[in-house]
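Peer 1: Chains as they are written, first to last, in this note's numbering: chain A, 628 to 936; chain B, 628 to 936; chain C, 628 to 936; chain D, 628 to 936. All C-beta atoms in this analysis are idealised placements derived from N, C-alpha and C, irrespective of residue type, glycine included. My questions all concern the structure below.
4 protein chains.
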Amino acid sequence: MQSVSHVKVKRGMSLSALVREMEQVKVLGPGRFGKAAKILGEMFSDDDYCNFISLAGPIIPGGLRKLVTDLIDQKLIDAVVATGANVTHDMLEGLGHRHIVGSEMLDDAALRRRGLSRIYDLLVKQKAIVDLERTAHRMLNRIPEQKRRNIASYELLWEFGRQLTDRNSFLKTAEKRGVPIFCPGIFDSMLGLDLWTYSQLNQLIINPFKDFSKLVDMTFGAKLVGAVILGGGMPKHHVLVANSYRGGLDAAIQITLDRPEGGGASGAPLEEAISWGKIKSKDKLVTITGDAITIFPILTLAAMDIART
Amino acid sequence: MQSVSHVKVKRGMSLSALVREMEQVKVLGPGRFGKAAKILGEMFSDDDYCNFISLAGPIIPGGLRKLVTDLIDQKLIDAVVATGANVTHDMLEGLGHRHIVGSEMLDDAALRRRGLSRIYDLLVKQKAIVDLERTAHRMLNRIPEQKRRNIASYELLWEFGRQLTDRNSFLKTAEKRGVPIFCPGIFDSMLGLDLWTYSQLNQLIINPFKDFSKLVDMTFGAKLVGAVILGGGMPKHHVLVANSYRGGLDAAIQITLDRPEGGGASGAPLEEAISWGKIKSKDKLVTITGDAITIFPILTLAAMDIART
Amino acid sequence: MQSVSHVKVKRGMSLSALVREMEQVKVLGPGRFGKAAKILGEMFSDDDYCNFISLAGPIIPGGLRKLVTDLIDQKLIDAVVATGANVTHDMLEGLGHRHIVGSEMLDDAALRRRGLSRIYDLLVKQKAIVDLERTAHRMLNRIPEQKRRNIASYELLWEFGRQLTDRNSFLKTAEKRGVPIFCPGIFDSMLGLDLWTYSQLNQLIINPFKDFSKLVDMTFGAKLVGAVILGGGMPKHHVLVANSYRGGLDAAIQITLDRPEGGGASGAPLEEAISWGKIKSKDKLVTITGDAITIFPILTLAAMDIART
Amino acid sequence: MQSVSHVKVKRGMSLSALVREMEQVKVLGPGRFGKAAKILGEMFSDDDYCNFISLAGPIIPGGLRKLVTDLIDQKLIDAVVATGANVTHDMLEGLGHRHIVGSEMLDDAALRRRGLSRIYDLLVKQKAIVDLERTAHRMLNRIPEQKRRNIASYELLWEFGRQLTDRNSFLKTAEKRGVPIFCPGIFDSMLGLDLWTYSQLNQLIINPFKDFSKLVDMTFGAKLVGAVILGGGMPKHHVLVANSYRGGLDAAIQITLDRPEGGGASGAPLEEAISWGKIKSKDKLVTITGDAITIFPILTLAAMDIART
């Protein structure tokens, strides 16, 4: 029987030293956080890993846009599965618009009248969203009609990435690095509405089956596949399901505040995915109960330091 | 200043009488539950309402399949937005397979070896999933190739519904009643995998833009639009966003265990949607913090009784 | 292997009929709700049961004051373990003050200036709290000094109950019916502050050991002990721990939104208590993930109807 | 209108540098984490602060025992309000017993038979608990009977701390440093049972009013009072209420997974406490939605580095 160790915090110690202390706790939150850092460190340092990241919730508008971009740029992430909203908000910033500091206590009807829309305590100008429609249509016009007849979401997003000039854009960087961004729910977002309005007068058919073929090819081609699952939703499930054809993920980290009791996929513990053949074993798998936008940057810094050593 | 009332529970009283007591509390959970029952009662009794329901989490496998089917059959629900998983599980039962009572404490690797997959404390046989693939392919073959070239998800699901014989199927009943079932994430489910394997050797392009056009047409054509939002995810957001073109929903009820602090759409209070123009005002809108599969049948019974009086 | 059944909701059916349908689901939320109603029905109808209820969170101010009072009056509940806050709010209403309907979006500094204090969307006047201090001191003066030297919380609350005139008070009704109200955290409440100020100039020593002796005596004397655990906190733990001397509770229902991952007692599944000898077996034990103030009145009505049949 | 900044993570950067990046996000989780680190840094570096910490949930057994001990030893914490369980588990380790690494999936009836009790995925031997009773009684015998007639919990815990020899014990260190540990719910714990059994044959009256007088004196005497609130429960409320007499806390950080919608004090946002006069203003107050045992060591390291600069 193993004993629980206690964390020692010393002024000036490195984060990775603290995380090693946390790993030794072996139980509860500290144990899981320590294990997650170790798994992520391995995913970052072992070249055999093909690493997926799934983005649900306001990861991009909520402060992690540069971080995601840098991970792609450094080839620490090989594929992204994102909600339409995260793609939308990358494009908004890519066009020069900014997200605004608000409060969760603001009156929504008053915001509406002022032309502002709210995501918890963060605001977006409706003007920016109008500008996005205009620009998205212009960008679509530059894609050859032949290509628009049957395009995958990752191909479309590469086209958009190519046309953006903002180096902090994860769409742009992904295109530059050849990293696919899959967006199975692209239809269900502000950008999705712009694609739909475009499709009413122009040729545009987005074919998710093309995405899925690419996704499955990537997982088949890889020696090892790892996944960082931020939040739940379709991006989480999509990463898992794409790996079922190869017998499951080799390693996976999930950070979420969703809970399991309701039976939804978002809050399900990763262990459940073993019974579906989507993850191989429970050795390299951990769920952190927490806010992904808060935890992920800290975990990344720890894992980078672990990967280096 | 209004005072908080206290609930009186009497042996033998009707649920709707209790719910009226709860409404009078006006604060906290009871107040919100009472308000939700009243709004739902109005949606059920006022013919001007076009009612949407969104299904995320294991609503169909978790015991509410008949309930959803009956609401469609009685035309209390005019449109459904479902996850691919809920459609998948309706088809599984429609083909004669059953969901099995398990436990959340079972070992997932052992379940895998026994050919069982887990959703919290509910199990599915992998054999049933293999059977679904075969049957889905057979059903697809019966759809004219011309139609398969550019088909909406709701059209595809009507085709499947028509071919099912189980009267408890919500797909079948929806087809019979002309109620569209939108499935923006159909690709991301067990059934979605079957569609993808089919598309590798056969003509099949599912076009979500066709779905969205139908969806927007329905919201535009309606005098009033109401929504019952069970769980979060893409179905929730999709119902909201489809109503932004008409200036927002007139009434909406949400039941979810997701929380707002992370900023994700699933846990966001419905008030936030006002700032996006997706809901009209906060008068007819309420969020119940709870498990949708538990709360919704109770709320429905209360609302039916309220609607009758 | 048992199959999952589906709920049938029919206009005009009784709540207990619906709950029986839910019980047959056997999994997820409906299964747990159905099981809870059955257990509670048994606790209400079998005279061998000595029933405890624990109250944490705003049960009394939030609309369930009459319900708790009636359960005590009908001898369906034999002992209460409450937070100091629930006792405080019963006394406030017992003195004629009312809880006020507010909103969770109000500005707290502005409320402070207006003499109002907030519990989520419910308000209390500071004046009422000042009046409580004055009245509590007057009531304490009427208790013989000899008794005040070493008094249990349940004895003190019987003294207060005797002096209240409001028939809706659960303190008054408990005194009338000889039902003890244990308040292990009485010190930690508004009323607790009044007791402390009184003790600075007068004789008053509250001795929780006397409470615990009474509590253990009750559990020892009973053939069967059942518990309804609303929320977590000290009241939950106290009911559990008091039953460890007799080998554990025979039946227990818990309704809470707290979650287990952090390891706190409030969110722990009741199963954990088996390993501590505080509950006998998992046959008659169920946790409902939900809001206690919303769920409990519905569950009570269902259980009353089940108990009758 | 302020813009949201994006976090930059660089291999080898210090945690405090990362936290400054997070603070600049200003919204959602990263903004709150950054603000919390800044407030804690100020509480650690400004000698005018009298710092309270409240401990609810398995803080001590779950890996933070050394951390709490060190903070007391370095006089960064001036007073503790703990649950009885945290005191119990400090004594268990102080007597040489260890907490054991388990799993949340273990069968509780089987654990019971093996003499093990469970806290989520952490185990305790029942033998250790039996030993605690014997030792606690022996320690109590060494306290003069006169003192035992009317003793505060903090006085009792200083007596225990003095008799412990383990330098990692926070009870021992607190006694050495003259830091009071208040335990308003000491009765409601394993140690509490031992105190009760002792009181059946020996003189022992624990008087929480004496604790509260000491607590209020400390808050009155301080220029500034800050609070670190780990988890909710009675310890949280007790720190808040004790500061109402001085017009409220000057700074406060809360880390919890409890949610506000049910209206319980544990999940309430700290803002609510402003309306009760328990916190002065919202400038130096922040709630982190997360697991306290995971977040607090990281926050402490960041704050120590901020305090140094």
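Here's a check: name, in chain order, each residue in its chain whose Cβ is nearer than 6 Å to the Cβ of glutamate 786(D), leaving out the five neighbours to either side.
Peer 2: For the purposes of this step, residue 786(D) is taken as the residue at position 159 of the fourth sequence. Closer than 6 Å at Cβ, skipping near neighbours: Ile770.
Peer 1: Can you list, in chain order, the residues of its chain with a C-beta nearer than 8 Å to that of asparagine 834(A)? Leave out the 5 residues immediately preceding and following it.
Peer 2: Here residue 834(A) refers to the residue found at position 207 of the first sequence. Excluding sequence neighbours, asparagine 834(A) sits near Asn777, Ile778 and Ala779.
Peer 1: Mind checking if histidine 633(C) is an interface residue toward chain B, Cβ cutoff 8 Å exclusive?
Peer 2: Taking the third sequence and counting its residues from 1, one reaches residue 633(C) at position 6. Yes, histidine 633(C) counts as interfacial toward chain B.
Peer 1: Between which two residues does the beta strand (DSSP E) holding arginine 745(D) run?
Peer 2: On the fourth sequence, residue 745(D) is found 118 positions in, with the first residue counted as 1. Where arginine 745(D) is concerned, the enclosing beta strand (DSSP E) stretches over 743-746.
Peer 1: Can you give the Cα-Cα distance for leucine 749(D) and glutamate 899(C), rounded to whole angstroms?
Peer 2: Residue numbering aside, residue 749(D) sits at position 122 when the fourth sequence is read from its first letter. Residue numbering aside, residue 899(C) sits at position 272 when the third sequence is read from its first letter. Distance between the alpha carbons of leucine 749(D) and glutamate 899(C) is about 11 Å.
Peer 1: Whole angstroms is fine: what's the gap from alanine 849(D)'s alpha carbon to leucine 798(C)'s?
Peer 2: Working through the fourth sequence from its first residue, we reach residue 849(D) at position 222. Working through the third sequence from its first residue, we reach residue 798(C) at position 171. If you take the alpha carbons of alanine 849(D) and leucine 798(C), they lie about 38 Å apart.
Peer 1: Threonine 715(B) and serine 796(B): beta carbons closer than 8 Å?
Peer 2: By one-based count along the second sequence, residue 715(B) stands at place 88. By one-based count along the second sequence, residue 796(B) stands at place 169. Not a contact, by the Cβ cut-off of 8 Å.
Peer 1: Measuring CA to CA, which of Glu760(C), Thr824(C), Val806(C) and Asp821(C) is closest to lysine 841(C)?
Peer 2: The residue you call residue 841(C) lines up with position 214 of the third sequence. Comparing Cα-Cα distances from lysine 841(C) to each of Glu760(C), Thr824(C), Val806(C) and Asp821(C), the minimum goes to Val806(C).
Peer 1: Report all residues from its chain with a CB closer than 6 Å to the CB of glutamine 881(B); omit the five preceding and five following residues, and keep chain order.
Peer 2: Position 254 of the second sequence, counted from the first residue, corresponds to residue 881(B). The answer, listed in chain order, is Ile856, Leu897 and Thr914.
Peer 1: Shorter than 8 Å from the beta carbon of arginine 886(B) to some beta carbon of chain D?
Peer 2: Locating residue 886(B) in the second sequence gives position 259, counting from the first residue. True, the Cβ-Cβ gap to chain D drops below 8 Å.
Peer 1: With a CB to CB cut of under 6 Å and the five nearest residues on each side skipped, what residues in its chain are close to isoleucine 646(B)?
Peer 2: Counting from one through the second sequence, the residue named residue 646(B) turns up at place 19. It should be noted that the sequence gives valine, not isoleucine, for residue 646(B). For valine 646(B), where only same-chain residues beyond five positions count, the Cβ hits under 6 Å are Gly661, Ala664 and Ala929.
Peer 1: Drop a sphere of 10 angstroms on the beta-carbon of lysine 754(C), count the other beta-carbons inside from all chains shown, and report buried for 16 or more, exposed for fewer.
Peer 2: Position 127 of the third sequence, counting from 1, holds the residue named residue 754(C). Flag for lysine 754(C) reads exposed.
Peer 1: What did DSSP end up calling glutamine 881(D) once you bin it into helix, strand or coil?
Peer 2: As a first step, residue 881(D) is located in the fourth sequence; it is residue number 254 there, counting from the start. Strand at glutamine 881(D).
Peer 1: If you check the beta carbons only, do glycine 711(D) and leucine 818(D) fall under 8 Å apart?
Peer 2: Residue 711(D) sits at position 84 when you count from the first residue of the fourth sequence. Residue 818(D) sits at position 191 when you count from the first residue of the fourth sequence. Yes; because the gap between Cβ atoms is below 8 Å, this pair is in contact.
Peer 1: Does asparagine 713(B) come out as helix, strand or coil in the three-state DSSP assignment?
Peer 2: Taking the first residue of the second sequence as position 1, residue 713(B) is located at position 86. Three-state DSSP puts asparagine 713(B) in a helix.
Peer 1: Would a C-beta distance cut-off of 8 Å place leucine 722(A) and leucine 759(A) closer than the cut-off?
Peer 2: Position 95 of the first sequence holds residue 722(A). Position 132 of the first sequence holds residue 759(A). Result yes, Cβ atoms of leucine 722(A) and leucine 759(A) sit closer than 8 Å.
Peer 1: Within 10 angstroms of its Cβ, does leucine 694(A) collect 16 or more other Cβ (buried), or is it exposed?
Peer 2: Translated into positions along the first sequence, residue 694(A) becomes position 67. The residue in question, leucine 694(A), is buried, as its Cβ has 16 or more Cβ neighbours within 10 Å.
Peer 1: Contact check, glycine 812(D) vs proline 811(C) under 8 Å by CB: the rounded distance?
Peer 2: Numbered from its first residue, the fourth sequence carries residue 812(D) at position 185. Numbered from its first residue, the third sequence carries residue 811(C) at position 184. Their Cβ separation, rounded to whole angstroms, is 6 Å, which keeps glycine 812(D) and proline 811(C) in contact under 8 Å.
Peer 1: Which stretch, first to last residue, makes up the alpha helix (DSSP H) that contains threonine 824(C)?
Peer 2: Counting from one through the third sequence, the residue named residue 824(C) turns up at place 197. Segment 817-828, the alpha helix (DSSP H) holding threonine 824(C).
Peer 1: Flag this pair as touching only if the stretch 678-688 of chain A and the stretch 696-709 of chain A have three or more C-beta atom pairs under 8 Å; answer yes or no.
Peer 2: These segments touch.
Peer 1: Pick from Tyr747(C), Leu738(C), Asp717(C) and Arg740(C): whose alpha carbon is nearest that of glutamate 731(C)?
Peer 2: For the purposes of this step, residue 731(C) is taken as residue 104 along the third sequence, with counting starting at 1. Of Tyr747(C), Leu738(C), Asp717(C) and Arg740(C), the residue nearest in Cα terms is Tyr747(C).
Peer 1: To be precise: take each residue of the stretch 656-670 of chain D, compare its Cβ to all Cβ atoms of chain A, and keep it if any distance is under 8 Å. Which residues remain?
Peer 2: From the stretch 656-670 of chain D, only Gly656, Pro657, Gly658, Arg659 and Phe660 have a Cβ closer than 8 Å to chain A.
Peer 1: What does a CB cutoff of less than 7 Å around leucine 691(D) pick up in its chain, not counting 5 residues either side in sequence?
Peer 2: Position 64 of the fourth sequence holds residue 691(D). So the qualifying residues of the chain are Ile920, Phe923 and Pro924.
Peer 1: Would you list, in chain order, the members of the stretch 865-898 of chain B that have their beta-carbon closer than 8 Å to a beta-carbon of chain D?
Peer 2: So the close ones are Arg886, Glu888, Gly889 and Gly890.
Peer 1: Does the distance from the C-beta atom of tryptophan 823(D) to that of phenylalanine 809(C) stay below 8 Å?
Peer 2: The residue labelled residue 823(D) in the question sits at position 196 within the fourth sequence. The residue labelled residue 809(C) in the question sits at position 182 within the third sequence. No, these two residues do not count as a Cβ contact at 8 Å.
Peer 1: Checking contacts by CB at 8 Å: is lysine 693(D) closer than that to chain A?
Peer 2: The residue you call residue 693(D) lines up with position 66 of the fourth sequence. Judged by the 8 Å Cβ criterion, lysine 693(D) is in contact with chain A.
Peer 1: Which of helix, strand or coil does DSSP assign to lysine 637(D)?
Peer 2: Counted from its first residue, the fourth sequence places residue 637(D) at position 10. Lysine 637(D): coil per DSSP, three-state reduction.
Peer 1: Nearest to glycine 788(A) by alpha carbon, out of Lys803(A), Arg775(A) and Lys774(A)?
Peer 2: Taking the first residue of the first sequence as 1, we reach residue 788(A) at position 161. For glycine 788(A), the nearest C-alpha among the options comes from Lys803(A).
Peer 1: What is the DSSP secondary structure of isoleucine 833(C), reduced to helix, strand or coil?
Peer 2: Translated into positions along the third sequence, residue 833(C) becomes position 206. Strand at isoleucine 833(C).
Peer 1: Who are the near neighbours of asparagine 870(A) in its chain, counting only those whose CB is closer than 7 Å to its CB and skipping five residues on each side?
Peer 2: Within the first sequence, residue 870(A) is the residue found at index 243, counting from 1. Here the set comprises Thr846, Val852, Leu876 and Lys905.
Peer 1: Sort Glu772(C), Met628(C), Arg638(C) and Asp734(C) by Cα distance to glycine 729(B) and report the nearest one.
Peer 2: On the second sequence, position 102 is the one that residue 729(B) refers to. The shortest Cα separation from glycine 729(B) among Glu772(C), Met628(C), Arg638(C) and Asp734(C) belongs to Met628(C).
Peer 1: Of all Cβ atoms in chain C, is any one closer than 8 Å to the Cβ of phenylalanine 847(D)?
Peer 2: Here residue 847(D) refers to the residue found at position 220 when the fourth sequence is read from its first residue. Taking Cβ atoms only, chain C never reaches closer than 8 Å to phenylalanine 847(D), which makes this a no.
Peer 1: Going by beta-carbon coordinates alone, are methionine 931(A) and arginine 775(D) separated by less than 8 Å?
Peer 2: Taking the first residue of the first sequence as 1, we reach residue 931(A) at position 304. Taking the first residue of the fourth sequence as 1, we reach residue 775(D) at position 148. Not in contact: methionine 931(A) and arginine 775(D) (Cβ atoms no closer than 8 Å).
Peer 1: Taking all protein chains shown into account, do 16 or more other C-beta atoms lie within 10 angstroms of the C-beta of leucine 738(A), making it buried, or fewer, making it exposed?
Peer 2: Taking the first residue of the first sequence as position 1, residue 738(A) is located at position 111. Label assigned to leucine 738(A): buried.
Peer 1: I'd like to check one pair, isoleucine 666(C) with lysine 907(C): are the Cβ atoms closer than 8 Å?
Peer 2: Counting from one through the third sequence, the residue named residue 907(C) turns up at place 280. Counting from one through the third sequence, the residue named residue 666(C) turns up at place 39. Result no, Cβ atoms of lysine 907(C) and isoleucine 666(C) do not sit closer than 8 Å.
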